[in-house]
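I have placed the structure first, in the form of structure tokens, so that the comments after it can refer back to it.
Number of protein chains: 2
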Amino acid sequence: MQRRRPTIIDVAQKAGVSKSTAGRALSGASNVTDEARERVLEAARAVGYERNDLAVGMRSGRTGLLGLVIPDITNPFWAEVARGAQDRAAENGMSLLVFSSDWDHGREASHLRALRQARVDGAIINPVADNFDDLDRFGLPFVLIGSSAERFPATSSVGSDIAQAVRIGMDHLVSKGHHAPALILGPKSRIARARFLRTFHEHCVERDIDPAALPMEDGEYTVEGGHAAMKRLLERQHARHLAVFAANDLMALGAMVAVREAGLRCPEDVSILGFDGVPAGAFSWPGLTTVAKPGREIGMRAVDCLFDEIAGRPEHGRVFMPCRLIERGSLADLSLSQPMRKAGAGRG
Amino acid sequence: MQRRRPTIIDVAQKAGVSKSTAGRALSGASNVTDEARERVLEAARAVGYERNDLAVGMRSGRTGLLGLVIPDITNPFWAEVARGAQDRAAENGMSLLVFSSDWDHGREASHLRALRQARVDGAIINPVADNFDDLDRFGLPFVLIGSSAERFPATSSVGSDIAQAVRIGMDHLVSKGHHAPALILGPKSRIARARFLRTFHEHCVERDIDPAALPMEDGEYTVEGGHAAMKRLLERQHARHLAVFAANDLMALGAMVAVREAGLRCPEDVSILGFDGVPAGAFSWPGLTTVAKPGREIGMRAVDCLFDEIAGRPEHGRVFMPCRLIERGSLADLSLSQPMRKAGAGRG
DNA sequence: CGAGGCCGTGGTAACGTTCCCACGAAATCA
DNA sequence: TGATTTCGTGGGAACGTTACCACGGCCTCG
Numbered sequence: 001m002q003r004r005r006p007t008i009i010d011v012a013q014k015a016g017v018s019k020s021t022a023g024r025a026l027s028g029a030s031n032v033t034d035e036a037r038e039r040v041l042e043a044a045r046a047v048g049y050e051r052n053d054l055a056v057g058m059r060s061g062r063t064g065l066l067g068l069v070i071p072d073i074t075n076p077f078w079a080e081v082a083r084g085a086q087d088r089a090a091e092n093g094m095s096l097l098v099f100s101s102d103w104d105h106g107r108e109a110s111h112l113r114a115l116r117q118a119r120v121d122g123a124i125i126n127p128v129a130d131n132f133d134d135l136d137r138f139g140l141p142f143v144l145i146g147s148s149a150e151r152f153p154a155t156s157s158v159g160s161d162i163a164q165a166v167r168i169g170m171d172h173l174v175s176k177g178h179h180a181p182a183l184i185l186g187p188k189s190r191i192a193r194a195r196f197l198r199t200f201h202e203h204c205v206e207r208d209i210d211p212a213a214l215p216m217e218d219g220e221y222t223v224e225g226g227h228a229a230m231k232r233l234l235e236r237q238h239a240r241h242l243a244v245f246a247a248n249d250l251m252a253l254g255a256m257v258a259v260r261e262a263g264l265r266c267p268e269d270v271s272i273l274g275f276d277g278v279p280a281g282a283f284s285w286p287g288l289t290t291v292a293k294p295g296r297e298i299g300m301r302a303v304d305c306l307f308d309e310i311a312g313r314p315e316h317g318r319v320f321m322p323c324r325l326i327e328r329g330s331l332a333d334l335s336l337s338q339p340m341r342k343a344g345a346g347r348g
Numbered sequence: 001m002q003r004r005r006p007t008i009i010d011v012a013q014k015a016g017v018s019k020s021t022a023g024r025a026l027s028g029a030s031n032v033t034d035e036a037r038e039r040v041l042e043a044a045r046a047v048g049y050e051r052n053d054l055a056v057g058m059r060s061g062r063t064g065l066l067g068l069v070i071p072d073i074t075n076p077f078w079a080e081v082a083r084g085a086q087d088r089a090a091e092n093g094m095s096l097l098v099f100s101s102d103w104d105h106g107r108e109a110s111h112l113r114a115l116r117q118a119r120v121d122g123a124i125i126n127p128v129a130d131n132f133d134d135l136d137r138f139g140l141p142f143v144l145i146g147s148s149a150e151r152f153p154a155t156s157s158v159g160s161d162i163a164q165a166v167r168i169g170m171d172h173l174v175s176k177g178h179h180a181p182a183l184i185l186g187p188k189s190r191i192a193r194a195r196f197l198r199t200f201h202e203h204c205v206e207r208d209i210d211p212a213a214l215p216m217e218d219g220e221y222t223v224e225g226g227h228a229a230m231k232r233l234l235e236r237q238h239a240r241h242l243a244v245f246a247a248n249d250l251m252a253l254g255a256m257v258a259v260r261e262a263g264l265r266c267p268e269d270v271s272i273l274g275f276d277g278v279p280a281g282a283f284s285w286p287g288l289t290t291v292a293k294p295g296r297e298i299g300m301r302a303v304d305c306l307f308d309e310i311a312g313r314p315e316h317g318r319v320f321m322p323c324r325l326i327e328r329g330s331l332a333d334l335s336l337s338q339p340m341r342k343a344g345a346g347r348g
């Protein structure tokens with residue numbers, strides 16, 4: 001039914017050269033006469049030749065395949081990461097094998113095995129495992145991605161710069177007159193929480209704020225978690241205006257619902273600042289002001305790092321990508337309507 | 001640095017058999033003694049053997065790779081499709097190469113070429129092209145996906161059942177007392193629009209409604225498009241309560257913003273029904289009632305169809321996946337608060 | 001008891017490319 | 001001019017697996 005795909009030998013015969021010369025011409029090697037090269041290229045076009053990547057990989061060891069293992073391609077943040085990685089890979093003529101691990105050790109292990117069997121040139125991995133054993137056994141060049149990579153400091157990795165993110169979040173809160181924000185944090189078990197909290201404390205100290213005096217609630221990184229945390233905050237807080245810095249956009253959106261349910265208004269009664277930059281934040285009412293992680297850039301940068309690893313230029317360092325503020329409508333501006341509590345809070 | 005990966009020959013030597021027998025045992029062929037099979041499997045485990053998919057593909061022609069070409073992995077609907085395809089592929093021991101075409105002919109063509117060069121066993125494609133030439137030249141088994149596949153009726157394809165979706169949407173509107181909903185539709189150029197409208201008309205006729213009398217606005221399939229369309233609808237509509245069926249969730253969310261900006265409330269003054277089932281609809285206020293497309297199931301089903309194509313059992317038919325209603329808060333229930341205009345509108 | 005079939009096994013070719021080496025011609029140097 | 005290098009080319013091996021064929025032993029049937 002379907003004709004045999006033309007091989008390099010067909011091209012060579014058509015061009016009247018040996019397959020070695022044809023191969024050199026097609027792979028862009030320098031030691032070929034211009035005339036021979038042109039003849040080969042013309043012949044390749046004529047017979048409709050397309051290089052067989054399998055055979056190339058077989059012989060040269062380079063497959064042009066990269067692996068990406070993330071928790072869930074359905075999660076908007078990881079989709080952005082995947083898109084960035086995909087684009088950067090395509091720029092370099094490589095393709096991306098995408099896998100979702102669902103935070104499951106078994107699935108992760110099986111995906112890593114599939115990547116090895118496919119002989120990918122390297123992989124970008126958001127690790128599920130707490131120990132390094134699985135990754136250590138991976139046996140191929142790889143780069144870690146995401147905040148959980150902090151558990152493996154000796155390995156090259158790319159993540160968002162949580163320290164800088166907390167700083168611009170705090171700067172924005174302070175510039176709007178919110179000097180003592182409450183915090184909605186993720187579960188105590190997560191690494192990202194510790195980093196968030198540590199940086200937050202540093203910035204409090206810089207601004208002469210006692211962090212211990214600030215209200216703080218925990219919850220799962222979900223809408224429900226944020227909703228419950230906000231309810232607890234509202235029960236204990238009786239100030240005129242409450243400002244909240246949530247460690248995750250979904251929690252922030254849940255908190256917003258809780259505010260509405262309590263008969264309060266956002267941003268008039270409660271200001272909310274999120275963290276992530278999920279698209280849904282643009283559709284809430286009011287729109288969610290948030291510190292956005294650069295998902296796409298993280299994916300691109302991870303591919304760059306992976307190329308370094310593959311080329312044997314191991315950076316063995318952590319790369320932190322800067323986050324940026326997306327201002328929508330969930331923060332009230334108290335700096336205009338009331339006298340400042342401290343002098344010198346304006347921009348310098 | 002890194003030791004050579006063990007091959008089937010290493011396994012054969014260790015097990016004391018020929019590589020033919022080792023190959024048969026490892027690939028699960030039947031004509032091997034149980035004793036020999038066990039020795040081979042044990043040897044494979046001992047030396048840490050992992051099959052080289054490249055060599056398999058080289059020799060057998062089957063690579064265990066599938067391709068997926070969609071407009072944008074960042075779009076929640078397509079992410080769901082990708083996830084479904086991924087899971088179903090993994091169930092069958094296959095991996096997925098994912099590409100985003102961005103509705104660009106050039107990118108699509110380049111992705112299709114990459115799939116051919118990688119010698120994938122088959123591909124699932126949401127086609128950008130209006131003509132069949134590019135796909136005809138693809139030369140590998142493939143299945144189309146999404147509503148644009150309607151342009152290629154001779155090819156196997158999977159999409160959502162828009163006719164059924166419109167029906168359950170209309171049923172729900174009517175059951176809530178909205179007998180004459182306005183429509184916000186996509187651009188006239190899109191196939192999906194025509195199918196939506198056609199089915200809508202059929203259901204109007206069934207219910208003795210004159211479709212020509214219903215307000216109707218066009219717009220891009222975006223938040224902004226829905227926002228603008230809703231503003232135009234509000235200008236011309238002076239009924240007590242306006243019900244809107246939007247052809248896309250993003251448009252519905254944009255419409256919701258326009259309602260708020262006009263000083264009206266949803267659902268008290270305006271009821272909105274969406275179509276897609278994007279996650280952001282759960283976070284809007286009120287939550288968006290919508291007809292959800294089964295993205296994940298579409299992805300899974302597409303892989304099933306693709307396996308049929310690969311196996312040479314071409315169905316050459318269109319598969320329509322059923323949609324379902326997600327009820328949130330964006331529809332007012334007028335059936336309770338006011339007398340019915342028609343008898344027999346209740347559930348039977 | 002002999003012929004034929006079945007079963008498990010082993011050897012070899014083949015998949016399509018790149019890598020390595022050798023060869024001849026031209027160019028360069030002593 | 002002769003020796004040496006450079007350059008373009010061609011031939012063959014190699015990558016790791018499966019497909020194919022041939023062989024010997026055992027069972028079965030006539």
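Protein chains in written order, with our numbering: chain A, 1 to 348; chain Y, 1 to 348.
All C-beta atoms, glycine included, are put in the ideal place defined by N, C-alpha and C.
Being a predicted model, the structure only gives us computed values, none of them experimental.
Where residue i falls: helix, strand or coil (DSSP)
i	result
G16 of chain Y	coil
R4 of chain A	coil
R347 of chain Y	Since pLDDT at R347 of chain Y reaches only 33, below the 50 mark, its modelled position is unreliable, and the value read off the structure follows with that caveat. Reduced to three states, the DSSP call for R347 of chain Y is coil.
L290 of chain A	Going by the sequence as given, residue 290 of chain A is Thr instead of Leu. Strand at T290 of chain A.
I184 of chain Y	strand
M216 of chain A	strand
M256 of chain A	helix
G177 of chain A	coil
I162 of chain A	helix
L97 of chain Y	strand
Which listed residue (the options) has its alpha carbon closest to that of residue i
i	options	result
S100 of chain A	A:V81, A:R88 and A:R236	A:V81
S147 of chain A	A:R62, A:L135, A:D171 and A:V319	A:V319
A79 of chain A	A:D333, A:P279 and A:R328	A:P279
G299 of chain A	A:V158, A:F132 and A:A292	A:V158
E297 of chain Y	Y:G274, Y:R207, Y:L183 and Y:C323	Y:C323
Y221 of chain A	A:N248, A:E202 and A:R313	A:N248
H111 of chain A	A:F138, A:G64, A:S156 and A:S189	A:F138
E38 of chain A	A:V11, A:G225 and A:A114	A:V11
A46 of chain Y	Y:P76, Y:S18, Y:I8 and Y:T74	Y:I8
R236 of chain Y	Y:T155, Y:L214 and Y:R207	Y:L214
D308 of chain Y	Y:G263, Y:G122, Y:R5 and Y:N52	Y:G122
Y49 of chain A	A:M58, A:M170, A:L26 and A:A109	A:L26
L173 of chain Y	Y:F200, Y:R195 and Y:A194	Y:F200
V259 of chain A	A:D276, A:W285, A:L54 and A:S175	A:W285
G349 of chain A	A:L331, A:K14 and A:R301	Only positions 1 to 348 of chain A appear in this structure, which leaves residue 349 of chain A out of reach.
R4 of chain Y	A:L140, A:N75 and A:P76	A:L140
Per-residue burial, residue i [other beta carbons within 10 Å of its own, 16 or more giving buried]
i	result
V205 of chain A	exposed
D358 of chain A	Only positions 1 to 348 of chain A appear in this structure, which leaves residue 358 of chain A out of reach.
S30 of chain A	exposed
S160 of chain Y	buried
A311 of chain Y	exposed
L336 of chain Y	exposed
G346 of chain A	Unreliable placement is indicated for G346 of chain A, whose pLDDT of 34 sits below 50; the coordinate value is still reported in the next sentence. Exposed, by the Cβ-count rule.
K176 of chain A	buried
F132 of chain A	exposed
A292 of chain Y	buried
Cβ neighbours of residue i in the same chain (closer than 6 Å, five flanking residues each side left out)
i	result
V303 of chain A	A85, R88 and A89
A229 of chain A	I184, E217 and G219
Residues near residue i by beta carbon distance below 8 Å, same chain, minus five either side
i	result
N126 of chain Y	V69, I70, P71, W78, S101, L144, I145, G146, S148 and A149
Contacting residues, own chain, Cβ-Cβ under 7 Å from residue i (five flanking each side not counted)
i	result
L197 of chain A	L185
R107 of chain Y	S101
* Asked: In chain order, what residues of the region 27 to 55 of chain Y put their CB closer than 8 Å to some CB of chain A?
  -> E50, R51, N52, D53, L54 and A55
* For the region 274 to 291 of chain A, enumerate the residues whose C-beta is nearer than 7 Å to any C-beta of chain Y, in chain order. => P279, A280, F283, S284 and W285
* What are the residues of the region 55 to 66 of chain Y that lie near chain A, defined by any Cβ-Cβ distance shorter than 7 Å? -> A55, G57, M58 and T63
* To do: Pull out every residue of the region 117 to 149 of chain A whose Cβ sits closer than 8 Å to any Cβ of chain Y, in chain order.
  => Those would be Q117, A118, R119 and G139, in chain order.
* Using Cβ-Cβ distances below 9 Å, what residues of the region 176 to 188 of chain A are close to chain Y? -> none
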